[in-house]
Amino acid sequence: MSELYEHPYPSAALAAEHPFVEYHAPAFDAEEMAARAAAFYELMESRRSVRLFSDEPVDASLIEQAIMTASTAPSGAHKQPWTFVATSSAEVKAAIRAAAEEEEKVNYLENRMNDEWQEALAPIGTDWHKEFLEVAPWIVVLFEQRYEQRPDGERRKNYYVKESCGIAAGMFIAALHNMGLATLTHTPSPMAFLTKTLGRPENERPFVLFPIGRPLPGVQVPDLARKPLEDVMVRVDHLPNEDKGV
Ligand code: IYR
Numbered sequence: 255m256s257e258l259y260e261h262p263y264p265s266a267a268l269a270a271e272h273p274f275v276e277y278h279a280p281a282f283d284a285e286e287m288a289a290r291a292a293a294f295y296e297l298m299e300s301r302r303s304v305r306l307f308s309d310e311p312v313d314a315s316l317i318e319q320a321i322m323t324a325s326t327a328p329s330g331a332h333k334q335p336w337t338f339v340a341t342s343s344a345e346v347k348a349a350i351r352a353a354a355e356e357e358e359k360v361n362y363l364e365n366r367m368n369d370e371w372q373e374a375l376a377p378i379g380t381d382w383h384k385e386f387l388e389v390a391p392w393i394v395v396l397f398e399q400r401y402e403q404r405p406d407g408e409r410r411k412n413y414y415v416k417e418s419c420g421i422a423a424g425m426f427i428a429a430l431h432n433m434g435l436a437t438l439t440h441t442p443s444p445m446a447f448l449t450k451t452l453g454r455p456e457n458e459r460p461f462v463l464f465p466i467g468r469p470l471p472g473v474q475v476p477d478l479a480r481k482p483l484e485d486v487m488v489r490v491d492h493l494p495n496e497d498k499g500v
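Heads up: the sequence shown begins at 255 in the working numbering, then just goes up one per residue.
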């Protein structure tokens, strides 16, 4: 076994340049860890994407809280390279719906999605109609910041933008589900129109769109099963050994 840590972190030189603070992580005893792990799994396992929403209004404060939660996501060099654009305006939602349906008509009716793709989607039953973009009380579009545009006109690189935004999107979905709101991970494609419709700057690209609201009471969802642990986890406890003589 090697020494625990050879190098002090932060080094005196690093700490002199940049502030560090002690991390107070939440800690639980073994029993509580197991209980919390099971409860969180159960909560997340009960999540489903929905395509039919109630038009009942949702408080802006809930959307703001979900965005703050998403924005706790880890990101490359802590750049937080995301902008969450939120609208509850009937006018803006109608414009998004009209533009998304234009694109989806080409996808579905003019075969922009090939046969294999259409076959994969058949059990979900999607088509070019996107009423949910007007019915859901909120639309939030997550934009990735391809680079940082500083107010003084300077540009700075962002790092691992897609990975960072993907993680933030997952945390946003979890936050919404935890507060009893439903969403759909929607990527109208191509979705460049969102930059224009929402008046976003040149450094931002739409990453994913979320219609958000309460699920329509009685809504049906495809009877999908999630892969069992054995199908999604592989445990490796030895290095692959080619000299074993097998
Ligand atoms: N953008 C289209 C197609 C679509 C693609 C996948 I992959 C889905 O899981 C669902 C839909 C649409 O939104 O209908």
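Every residue, glycine too, gets a C-beta built ideally from N, C-alpha and C. The structure displayed is predicted, hence computed values, not measured ones.
### Task
Would you mind reading off the limits of the alpha helix (DSSP H) that contains Val395?
The residue given as residue 395 occupies position 141 in the sequence shown. Looking at the DSSP string, Val395 is not in any alpha helix (DSSP H); the run it does join, the beta strand (DSSP E), is 392-399.
### Query
In whole angstroms, what separates the C-alpha of Tyr295 from that of Leu483?
Here residue 295 corresponds to residue number 41 of the sequence shown, with the count starting at 1. Here residue 483 corresponds to residue number 229 of the sequence shown, with the count starting at 1. So the alpha carbons of these two residues sit roughly 12 Å apart.
### CA nearest to the CA of Leu396, picked from Tyr263, Ala281, Cys419
As a first step, residue 396 is located in the sequence shown; it is residue number 142 there, counting from the start. The shortest Cα separation from Leu396 among Tyr263, Ala281, Cys419 belongs to Cys419.
### Query
DSSP on Gly330, reduced to helix/strand/coil?
In the sequence shown, counting from the first residue as 1, residue 330 sits at position 76. In the structure shown, Gly330 sits in a helix (DSSP, three-state: H, G or I).
#### Entry: Whether Ser303 touches Gly467 by CB criterion (8 Å)
Position 49 of the sequence shown, counted from the start, is the residue given in the question as residue 303. Position 213 of the sequence shown, counted from the start, is the residue given in the question as residue 467. For the 8 Å CB-CB criterion, Ser303 and Gly467 do not form a contact.
### Message
Can you tell me whether Leu438 is buried or exposed? The criterion is at least 16 other CB atoms within 10 Å of its CB, across all chains shown.
### Response
Mapped onto the sequence shown, residue 438 falls at position 184. The C-beta of Leu438 has 16 or more other C-beta atoms within 10 Å across all chains shown, which makes the residue buried.
### Task
Could you have a look at Phe274 and say whether DSSP puts it in helix, strand or coil?
Working through the sequence shown from its first residue, we reach residue 274 at position 20. Of the three classes helix, strand and coil, the one that applies to Phe274 here is coil, per DSSP.
### Collapsed DSSP secondary structure at His261 in the structure displayed
Here residue 261 refers to the residue found at position 7 of the sequence shown. Of the three classes helix, strand and coil, the one that applies to His261 here is coil, per DSSP.
### Task
Would you mind reading off the limits of the alpha helix (DSSP H) that contains Ala340?
Position 86 of the sequence shown, counting from 1, holds the residue named residue 340. Unbroken run through Ala340 is the beta strand (DSSP E), 336-341; no alpha helix (DSSP H).
### Message
According to DSSP, Ala436 sits in a beta bridge with which residue or residues?
### Response
Within the sequence shown, residue 436 is the residue found at index 182, counting from 1. Looking at the DSSP assignment, Ala436 forms a beta bridge with Gly467.
### Query
Are Leu316 and Met425 closer than 8 Å when you measure CB to CB?
As a first step, residue 316 must be located in the sequence shown, where it is residue number 62. As a first step, residue 425 must be located in the sequence shown, where it is residue number 171. The answer is no: Cβ separation not under 8 Å.
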